[in-house]
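> I am attaching a structure below and will ask some questions about it afterwards.
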Amino acid sequence: MVHVSATPVLALRGVSKRFGAVQALTDVELEVHAGEVVALVGDNGAGKSTLVKTIAGVHPIDEGVIEWDGKPVTITRPHDAQALGIATVYQDLALCDNIDVVGNLFLGRELRKWGVLDEVEMERRSRELLTTLSIRIPSVRIPIASLSGGQRQTVAIARSMLGEPKLVILDEPTAALGVEQTAQVLDLVERLRERGHAVILISHNMADVKAVADKVAVLRLGRNNGVFEVKTTSQEEIISAITGATDNAVTRRAARTNGEVSK
Amino acid sequence: MSIDKTSASAGETPAQDAPAVENPEAAAAAVTAVDPRLLVQQEGLLGYWHEFKRKMKAGELGSVPVVLGLAIICIIFQVLNSNFLSAQNINDITITMVGTGMISVGIVFVLLLGEIDLSVGSVSGAASALAGVLAVNQGWPEWTAVLIALAAGIAIGALHGFFFAVLGAPAFAVTLAGLLFWLGFMLKVLGADGTINLDPNGLVGKLTTYYFSDVAAAYGLAVVVVAVFFLTSFLGNRRREAAGVPSRPLSDTVLRTALLAVVAFAAAYMYNQYKGLPLATVIFLAFLIGTDFVLRRTPYGRKIFALGGSVEASRRAGINVTAVRISVFAISGGFAAIGGLFLASKIASANQSAGTGDLLMNAIAAAVIGGTSLFGGRGRTWNALLGVLVIVSIQYGLQLESIAEPVKYMITAAVLLTTVVIDSITRKTQKTAGRA
Ligand SMILES: Nc1ncnc2c1ncn2[C@@H]1O[C@H](COP(=O)(O)OP(=O)(O)OP(=O)(O)O)[C@@H](O)[C@H]1O
Ligand SMILES: [Mg+2]
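Chains A and B supply the protein sequences, listed in that same order. Under this note's numbering, the first residue of the first sequence carries the number 1, and numbering increases by one thereafter. Under this note's numbering, the first residue of the second sequence carries the number 1001, and numbering increases by one thereafter.
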C-alpha cells in the first residue's frame, strides 16, 4: 500500500447545503489524503452528488469550512476548485454536445500558441491520452453528440486526468460503462492512487467499492453515517450504514434467498 | 496517405467472422498504427462523393442547401431578366448587402449562444443618427463621430448583455425593450426635421461609393486571398503530419484552393467590368475573415461555442459565462452600429426610417438562411454572407421584375421558413445518426 500523508489534501468540516426547502447536506465531515481512495456511498438522494458539487465549486457551501492541505479555502466557482487542483467527473451535464472530443477534453484550458488555439498539439495529446487510457472512440474529431453514453463518460474521465490534478472526484463513473470499460476505470483509479493522487469515488456498486477503495464514507439523508476501513469492514456493515438499519430490504432479501437455498 | 480504405465503408462491411468481439474494427485498431475506425476519406473524386453522401445522411448539411438555393435563385431571375447577372446588378447587390450583412454577423454570434438580439435594427438606426448629428449638426470631425457611434453600439450591446447575463432577464425580452428604447432614442436625437444629409464625400459617404478602380486591385486581392488560403491549409497540414495526427491529402487542399480561386477571380473579373473593387466589399470581407478566425481559432471563440452547447458544462469547465455573454451582446451591438453606418452611407443620410421595417428580420433571416442554427452552438459568420446574398438577390430580382413589396415579403418569408425547417430536421437527423 502507498504511504498516506498526515495532513489530508481535502477536509470538510461541518459542511451544510440547502436548496430552498431541502436540507441536502447537514454538518458533513470528510477527509481525503494523498494516495488514498475514499468511496462515498449512500442511497439515491443521500446527497453524494451535492457534496461533490460543493467541493467542485458548482454549488457553494452555506455553512462549514473546506480545508485544502490543512488551510481553509473558499470555493465559490468551478474555477477556484480547478485552480486548487481538483478535477471532477460529474454525474450529469459535463460535456458540450456540439464540440468535438478534443475540444471537450481541453475545454476551459485550451492550449494556445501566440494566443491562437493550438489544435494540432491538442489533438496529438488527446490521442496520446486516450491511447494510454485504452479509450476507444471512432475519432477525436467527431462531436460528443455522436458518441454513446459510455463513450461520453470515458471522455469525461479522460478530461479529469489532463491537468495532473491533486484530487480527482468521480461521481458514479462506471454507471454507464460496459464490463471492460468498468475494469479500465477501476484500473485507472488504482493508477491514480499509485501516483499519489487523492481520489473520491462515488459508486452504488459495492464490489467496485471493495475492489479499489481504502475507506468508505457513508452519507445518509445528507448526514455522515460512519467512515469505514474497507479491509476490516464487511459488506453487510456498510449496507446497514447506508440503509440506516440492520434489518433492511437488503438483509431481508438475503435472508429470504438464503432460506430458500437451505430448504 | 496510406490509410486503410476499407474503413470508409465500415458500415457496410461488418466483420461477421468475429462475433465474440464487441467492436471488431476497434479490436483491429489496437494493433494498427493508425486507427482504422476513423472515417477516412477515400482519395480522389469518388472519395468526395462518399464523404458528401455520408454527411448528407448524418444531417451535416452545412452550407449546401443555401448554395443550391442561391444557384436556383440566380438561374430563375436570369431567365426572367437577362440584366440580373449583369456586372452592375451584381455589384449593386454586393454593396447593398453589406449593411444588413454586418448586422447579421453580430446576430450569428448571438445565435451561437442560442440567444436572440431583437434590438439590432434600432441600434443600427441609433448609431447612424448619432454619427449624423455629431458630424453634421455639431460639426465634429467625421471620424470622431463614427468612433463614438461604434462605441455607443458596443456599449448598448453590453448593457443588454448585462441585463441578460447578470440580472438573468431573458435576452428576448431585454432586446425587445432595447428595440423600442433605441428607436425612441434615434427619433429624439434626429429631432424635428428628422433627416440629416451626410456629406457624400465624407468618411461615411465613401463607405459605399468608393471603388478601387485600378484593375489590379480586385485581381490583387483575389491572388492574396487564394494564396493565403492555400499556404495556411498547406502549412497546417504539414504541421499535422509532423505531429503524427491525421491530415488532409494534398489533393484535397488543391481542390479547395481551386474552388476558392474560381469564385475569387470570377468576382474580381465581374467587379472590374463595372467600376472596380468596392471599398464596402473589402471591409465586409475583412470582418468576415476576422470574425471567422476569432470564432474558430481562438480560445474566446471556443467559449462561445461551448456556451451554445451547454451552459452548465461550460460553467463547470471554468468558463466565465457572464463575461462571455456580455461580450457577445457587445459584439452584436458593435456590428449593428457598423451595419447602421453602411446603411446610412447607401442613402447618404441618417433618417427616421433607419433601422426599422424589415431590417431586423432580414438580418436574423440571413444568419439562419446561411446555416446558423437557432438552437445554438452551430454556425459560422460566413453564413451571414450567404444568407444576406440570398435575401438581397431576391429583393433585386423582384425589383427588376417590378414585383411589389408584399410579394417580396412573402417570398423572403417562405425562404426563411424553409431554412428553419431544414435546420430543425437537420437537428433531428443528427440526433438519430449520432445515437445510432
Ligand atoms: N439543484 C438542486 N436543487 C434543488 N434540490 C436539489 C438540487 N440538487 C440536489 N437536490 C436535492 O438534494 C438531495 C441530494 O441529491 P443528490 O443529487 O446529491 O443525491 P445523490 O446522493 O447524488 O443521489 P444519486 O445516488 O441518485 O445520484 C435530493 O433530495 C435532491 O432532491
Ligand atoms: Mg448523484
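Cβ coordinates follow ideal geometry from the N, Cα and C atoms, glycine included.
Could you name the residues of the same chain whose beta carbon sits closer than 6 Å to that of residue 1200/B, not counting the 5 residues immediately before and after it, in chain order?
Mapped onto the second sequence, residue 1200/B falls at position 200. These residues qualify, in order along the chain: 1348.
> Taking any Cβ of chain A, which residues in the segment 1295 to 1312 of chain B have a Cβ under 7 Å from it, in chain order?
1297, 1298, 1299, 1302, 1305, 1306, 1308, 1309, 1310 and 1312
> Does DSSP put residue 100/A in a helix, a strand or coil?
As a first step, residue 100/A is located in the first sequence; it is residue number 100 there, counting from the start. Of the three classes helix, strand and coil, the one that applies to residue 100/A here is strand, per DSSP.
> What do you reckon, is the C-beta of residue 26/A under 7 Å from a heavy atom of ligand 1?
Position 26 of the first sequence, counted from the first residue, corresponds to residue 26/A. Not under cutoff, so the answer is no.
> So is residue 177/A in contact with chain B if we call contact Cβ pairs under 8 Å?
Here residue 177/A is taken as the residue at index 177 of the first sequence, counted from 1. No, residue 177/A lies away from the interface with chain B (no Cβ there is under 8 Å from its Cβ).
> Smallest Cα separation from residue 95/A: which of 227/A, 145/A, 52/A and 77/A?
One-based indexing of the first sequence puts residue 95/A at position 95. Here the closest residue by C-alpha is 145/A.
> Could you have a look at residue 114/A and say whether DSSP puts it in helix, strand or coil?
Counting from 1 along the first sequence, the entry for residue 114/A is found at position 114. Looking at residue 114/A - three-state DSSP - the assignment turns out to be coil, as it is neither helix nor strand.
> Determine the direct distance from the alpha carbon of residue 115/A to that of residue 1197/B, and round the result to whole angstroms.
Within the second sequence, the letter at position 197 stands for residue 1197/B. Within the first sequence, the letter at position 115 stands for residue 115/A. Taken atom to atom, the span from the alpha-carbon of residue 1197/B to that of residue 115/A is near 43 Å.
> Would you check whether ligand 4 has a heavy atom nearer than 7 Å to the C-beta of residue 49/A?
Summarising the ligand content, the structure contains ligand 1 and ligand 2 and does not contain ligand 4.
> Under 8 Å, with one C-beta from each stretch per pair, do the segment 1135 to 1147 of chain B and the segment 1368 to 1380 of chain B reach the 3-pair mark?
Because the criterion of three Cβ pairs below 8 Å is not met, the segment 1135 to 1147 of chain B and the segment 1368 to 1380 of chain B do not touch.
> Could you tell me whether the Cβ of residue 1245/B comes closer than 8 Å to any Cβ of chain A?
Taking the second sequence and counting its residues from 1, the one referred to as residue 1245/B is at position 245. Cβ-Cβ to chain A under 8 Å: yes for residue 1245/B.
> List the whole-angstrom C-beta distance separating residue 1103/B from residue 1336/B, where the pair is believed to meet the contact cut-off of C-beta under 8 Å.
For this step, residue 1103/B is matched to residue 103 along the second sequence. For this step, residue 1336/B is matched to residue 336 along the second sequence. Contact flag correct, Cβ pair sits at about 5 Å.
> Looking at C-beta atoms only, is the number of pairs between the segment 217 to 234 of chain A and the segment 40 to 59 of chain A that lie closer than 8 Å three or more?
yes
> Determine, using beta carbons only, whether residue 1127/B comes closer than 8 Å to chain A.
Reading the second sequence from its first residue, position 127 is the one you call residue 1127/B. No, because no Cβ of chain A sits closer than 8 Å to the Cβ of residue 1127/B.
> Mark residue 1194/B as exposed unless 16 or more other C-beta atoms lie within 10 angstroms of its C-beta, in which case mark it buried.
Along the second sequence, one-based indexing puts residue 1194/B at 194. With fewer than 16 Cβ atoms within 10 Å of its Cβ, residue 1194/B is classed as exposed.
> On the three-state DSSP scale, how would you describe residue 1423/B?
Start at 1 with the first residue of the second sequence, and residue 1423/B comes out as number 423. Helix at residue 1423/B.
> Which residue comes first and which comes last in the alpha helix (DSSP H) that contains residue 211/A?
Within the first sequence, residue 211/A is the residue found at index 211, counting from 1. Where residue 211/A is concerned, the enclosing alpha helix (DSSP H) stretches over 206 to 212.
> Starting from the N-terminal side, write out each stretch of the beta strand (DSSP E) that is 3 residues or longer and does not extend beyond the segment 59 to 88 of chain A.
63 to 68 and 71 to 73
> Out of 1081/B, 1263/B, 1315/B and 1381/B, which has the shortest C-alpha to C-alpha gap to residue 1401/B?
For the purposes of this step, residue 1401/B is identified with residue 401 of the second sequence, where counting begins at 1. Residue 1401/B has its Cα closest to that of 1081/B, out of 1081/B, 1263/B, 1315/B and 1381/B.
> Have a look at residue 1074/B and residue 173/A and give me their C-alpha separation to the nearest angstrom.
Along the second sequence, read from residue 1 onward, the residue named residue 1074/B stands at position 74. Along the first sequence, read from residue 1 onward, the residue named residue 173/A stands at position 173. Cα-Cα distance, rounded: 55 Å.
> Enumerate in chain order the residues of its own chain whose CB-to-CB distance from residue 1321/B is below 8 Å, with the five nearest sequence positions on each side excluded.
For the purposes of this step, residue 1321/B is taken as the residue at position 321 of the second sequence. Answer for residue 1321/B: 1165, 1307, 1311, 1314 and 1315, listed in chain order.
> May I ask which residues mark the beginning and end of the beta strand (DSSP E) holding residue 228/A?
If you number the first sequence from 1, residue 228/A lands on position 228. Unbroken beta strand (DSSP E) run through residue 228/A: 223 to 229.
> With the cut-off set at 8 Å, would you say residue 1292/B and residue 1380/B are in Cβ contact?
The residue labelled residue 1292/B in the question sits at position 292 within the second sequence. The residue labelled residue 1380/B in the question sits at position 380 within the second sequence. Against a cut-off of 8 Å, the Cβ pair of residue 1380/B and residue 1292/B comes out as a contact.
> By DSSP, does residue 218/A sit in helix, in strand, or in coil?
Walking along the first sequence from the start, residue 218/A turns up at place 218. Correct three-state label for residue 218/A: strand.
> What's the call for residue 1211/B, buried or exposed, on a 16-neighbour Cβ count within 10 Å?
On the second sequence, position 211 is the one that residue 1211/B refers to. Answer is buried; the Cβ neighbour count reaches 16.
> Quick check: does the Cβ of residue 171/A come within less than 7 Å of any heavy atom belonging to ligand 2?
Counting from 1 along the first sequence, the entry for residue 171/A is found at position 171. Residue 171/A: yes, Cβ under 7 Å from ligand 2.
> Under 8 Å, with one C-beta from each stretch per pair, do the segment 65 to 74 of chain A and the segment 1268 to 1279 of chain B reach the 3-pair mark?
no
> Is the shortest distance between the beta-carbon of residue 1317/B and the beta-carbons of chain A less than 8 Å?
Counted from its first residue, the second sequence places residue 1317/B at position 317. For residue 1317/B, the answer is yes, since a Cβ of chain A falls inside 8 Å of its Cβ.
> Strictly below 9 Å CB to CB, what residues from chain B border residue 123/A?
Start at 1 with the first residue of the first sequence, and residue 123/A comes out as number 123. 1240, 1243, 1245 and 1246, listed in chain order.
> For residue 1409/B, which three-state DSSP category applies?
Residue 1409/B sits at position 409 when you count from the first residue of the second sequence. Note: residue 1409/B maps to helix in three-state DSSP.
> Could one say the Cβ of residue 135/A lies closer than 8 Å to chain B's Cβ atoms, at least one of them?
Taking the first residue of the first sequence as position 1, residue 135/A is located at position 135. So, not an interface residue.
> Suppose contacts are defined by Cβ-Cβ distances below 8 Å. Is residue 1243/B in contact with residue 120/A by that definition?
Taking the second sequence and counting its residues from 1, one reaches residue 1243/B at position 243. Taking the first sequence and counting its residues from 1, one reaches residue 120/A at position 120. It is a contact, given that the beta carbons lie within the stated cut-off.
> Hey, quick one: how far does the beta strand (DSSP E) through residue 164/A stretch, first residue to last?
Stepping through the first sequence from its first residue, residue 164/A is reached at position 164. No beta strand (DSSP E) contains residue 164/A, which DSSP labels as neither H nor E.
> Does ligand 2 have even one heavy atom less than 7 Å from the beta-carbon of residue 91/A?
The sequence position of residue 91/A within the first sequence is 91, counting from 1. At a cut-off of 7 Å, the beta-carbon of residue 91/A counts as near ligand 2: some heavy atom of the ligand is closer than that.
> By the 8 Å beta-carbon criterion, what residues does the segment 84 to 102 of chain A contribute toward chain B?
88, 90, 93, 94, 95, 96, 97, 98 and 99
> Please tell me whether residue 52/A and residue 26/A are closer than 8 Å, where the distance is taken between their beta carbons.
Here the question's residue 52/A lines up with position 52 in the first sequence. Here the question's residue 26/A lines up with position 26 in the first sequence. Taking 8 Å as the Cβ cut-off, residue 52/A and residue 26/A do not qualify as a contacting pair.
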